[in-house]
Structures are given as C-alpha cells and as structure tokens.
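Protein chains: 2
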Amino acid sequence: MADYKLYAFGESGNCYKVALMLALTGTPWQRLPVDFFNGETRTDDFRAVNEMGEAPVLLHDGKVLSQSGVILDYLAEQTGRFGADNADERREILRWMLFDNHKFTSYYATLRFIVGLQKSGESPVTEFLRGRAKSAFAIVDKHLAGRDFLVADRLTIADLSLAGYVFFEEETGLALSAYPNILAWRARIAAMPGWKPPYEMVPHAPPARV
Amino acid sequence: MADYKLYAFGESGNCYKVALMLALTGTPWQRLPVDFFNGETRTDDFRAVNEMGEAPVLLHDGKVLSQSGVILDYLAEQTGRFGADNADERREILRWMLFDNHKFTSYYATLRFIVGLQKSGESPVTEFLRGRAKSAFAIVDKHLAGRDFLVADRLTIADLSLAGYVFFEEETGLALSAYPNILAWRARIAAMPGWKPPYEMVPHAPPARV
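Protein chains in written order, with our numbering: chain A, 28 to 237; chain E, 28 to 237.
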C-alpha cells in the first residue's frame, strides 16, 4: 500500500534524501513527477502545493509536507527509524540539518547545479560557491574523524540530510578525495541494506524543451 | 541570575535572533564577546566551543548549543514562549526555519555582509546573491499576505528566525519597500513588549586591526 506520495525528480539531492529514507526503511511510495527543467516548480499549480516552489513534497494522511528536513523528521516518527533517542540527540540532529541547509548542501548543490547540470562554466559565482562549499566540507570531514556517523553511533536522519548530494557524480570542480572521512562515511551509508544510488530510485526529469 | 551565556557580536543577525528571543521573554543573560572581524571564529579555541566556527553559541546548564534555530527551539522549551502548540505547528516552524537557513537569511545575510559590511562593491557574486534573496523575499512576502505571523496567529520562533536580518540597516541593494507584507510584519514584531533594535542589545564587534 503506497500511501506515501512524493513529488520528486532524479537530479534533486533533496528528493534523494527522502527517497533514500523511504528505501532504507522499506517504506513503499509512489512518485509524482516534477518537470523541473521546464519550470514546473515555478507554476501557480505547483506553488499551490508548495508555496516555496521546491521539491520534494510528501503527501501522506491528508498532510502536505515540504522541506526535506521536515519530511525526514516526519518519516522518522512514522517508521520509528533513524530518529533521535533523547532530547540531546534531537537538538544535535537539528543542528546538523540547519548547518546542512545553510552551508553544506546549499553551497555544494548550487555549485553542482551550475557546473554539472547547467554546464555554464566557471565564473566568480562558481568560485565563490566552491570556496564556501570547501569550508563546509572541511568542517564535516573533521567532525567525522573517528566517528561512524554524524550524531550517534548509528545512522540518523542528520546523515541522510547531509549525505544526499555526495552520492551524485556530476561535475562540481570540488574533489571529494580531499575529504577522506566524508568518503568513508558515504561508503558506510552505501553499505546499508536497501541503499540505491540516486537515479535508480528517482528517474531524471525531462530535459528542457528548446 | 544570568545563567544563560551567549557568544554574540552585534553585526550578526543570527546572534540578534537569539538576543531578541531572550529580550522578548525577559530572560537575563550575559554576553561573551566574539572578535569576529579579527578572525576569532576561525581560531582553535573558538572551534573547541563550536566546531562549525559560528556565533551564536549558548551556554546553559552544562549544555553548549549552536545554530540559532536550535537555540531558539531550546529557549522556547525553557521559557514556554513562542514555541509550537502541536505537532503540525512544530513541523511548520521547522519548515520555515529550514527555508530561512537555506534561502532567506542565508542569501540576504551574505549579500549584506559583502555589500554593507565589507563594502567591496558590486560583482557577479552580489548580483547572484541579490537575485536569490529577492526570490526568497517574494515567497515570504506572499505568505504573509493576510497573516500577522508566519506560522500561527501569534509570534513564534519561526518569525524570530526569519526576521533577524530585516532589522539591520546596512546597505544591501535590496529595497525592502518592495515587500510591504514583510515591512508590516517587521513593524508588528518591533511593537512587541521588550523589543530592541540590534545594536542596543549586542554591541558591535571590534573593527579589523590593520
């Protein structure tokens, strides 16, 4: 019974975060496609679903949930998996998710969008984004030294939030080999039962019509 | 008894968010200064307090809390003010806080840092940041049409998170007059008992030594 429906498209690491949570918890779901490259998230119809104009959006039990962090938190509650065991852990998960939204996913995903998907070449903007992304990656790499996961000695939704984009292979001009602890952590997540790479769970969005 | 201690400096809207929460709840606190413009947040000593290299950091009851969203959530619990009344509100507060960290505060604060504090002039980067900030401001302005506050019919920590930077007056090249609902919401917050403008609660950080 796929009573979870998710607006998602393959190129979005934020959608992948949620798809991965659903996969690792063995939760059936149905995909609602998003024609991102032809501007669907900017249409009035899509904004009526999510005024923020973003995917993913989860529909479940009459609820319409957006922001991958909110959806991960909701699915942790619903499935009893990968959530916090106590108030300290809950705050620590939130701390890393906020850092992810502010500095880790945000700069890296935007860099990868411009360099790897739009392929619009190097510019002062890509240089700026790459510098910011490198700072954030260094902080996470240092934090992961001697740890298996970000918050606890087990996978939590904080890991799924930050790891989303590091599984994509499009060009960014930022070499992940400089961050060995991030690579080891990524491999640890990829070894979890049920893990699949991005485009095996959510197909590519249709290309932009000329 | 000021048993709340907060690493903060005046120019930081993220620090102001927390200082405003403390002011509006009448909570005494003690400031721990941050010599931001001379690189204190990049020192090993500061990173030992917050590995993310950011202010604000709240010290209370043996806890060391960073990320303004985590601190606001903690203070809402501690004071019983401006938090969620139910699970739907809790998720909606989190949704706006994540949007704030990803797109609202983040782009606008970085723009204001470059244009208004560093005063390094216009560039492709400021143009990029201003475009992104305008999109985020338009979404918040539209959401506030016909509403007094972002999530509920009362002030919540979501409002304090998003409003932080709109109280600052440094130049950004983004005219807030284009967002009348944001201006009305800002005025509503400024009318709350205990409200003070940024630099009246937290003094400027020392200027960079030449």
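Each residue gets a CB set at the ideal place from its N, CA and C atoms; glycine is no exception.
Check	Outcome
Rounding to the nearest angstrom, what Cα-Cα distance links C122 (chain A) and D175 (chain A) in this structure?	Checking the sequence, you will find Arg at residue 122 (chain A) rather than Cys. C-alpha separation (whole angstroms): 18 Å.
Go to L51 (chain E), then tell me how far its alpha helix (DSSP H) extends in each direction, as first and last residue.	40-51
My understanding is that L201 (chain A) touches A160 (chain A), with C-beta atoms under 8 Å, so please give their C-beta distance in whole angstroms.	6 Å
Flag R108 (chain A) as yes if its beta-carbon sits less than 8 Å from any beta-carbon of chain E, otherwise no.	no
So R58 (chain A) is in the beta strand (DSSP E); what residue range does that whole segment cover?	57-60
So, helix, strand or coil for K223 (chain E), using DSSP?	coil
Skipping 5 residues on each side, what residues in its chain have a beta carbon closer than 6 Å to that of T132 (chain E)?	Y192
Helix, strand or coil: which one does DSSP assign to H243 (chain E)?	Chain E is shown only over 28 to 237; residue 243 (chain E) falls outside these bounds and no answer can be derived.
I'd like to know if D72 (chain E) contacts chain A, where contact means its C-beta is closer than 8 Å to some C-beta of that chain.	no
Based on the DSSP output, what are the partners of S93 (chain A) in its beta bridges?	A:V84
Only counting the same chain, and skipping five residues up and downstream in sequence, which positions put a Cβ closer than 7 Å to that of R58 (chain E)?	L33, A35, V229
Using a C-beta cutoff of 8 Å, does R157 (chain E) count as contacting chain A?	no
I'd like to check one pair, L171 (chain A) with I216 (chain A): are the Cβ atoms closer than 8 Å?	no
Expressed to the nearest angstrom, what Euclidean distance is found between the alpha-carbon atoms of T106 (chain E) and D112 (chain E)?	14 Å
Touch check for the region 39-52 of chain E and the region 92-106 of chain E: three-plus C-beta pairs under 8 Å?	yes
Smallest Cα separation from F194 (chain E): which of E:E227, E:L177, E:P220, E:Y31?	E:E227
Can you give the Cα-Cα distance for L210 (chain E) and V142 (chain E), rounded to whole angstroms?	21 Å
Would you tell me roughly how many angstroms separate the C-alpha atoms of L86 (chain A) and V178 (chain E), rounded to the nearest one?	19 Å
Return no unless some Cβ of chain A is closer than 8 Å to the Cβ of M79 (chain E).	yes
Looking at C-alpha atoms only, which residue of E:H129, E:D186, E:F140, E:L47 is the closest neighbour of P83 (chain E)?	E:L47
Pick from A:L189, A:A214, A:D115: whose alpha carbon is nearest that of N128 (chain A)?	A:L189
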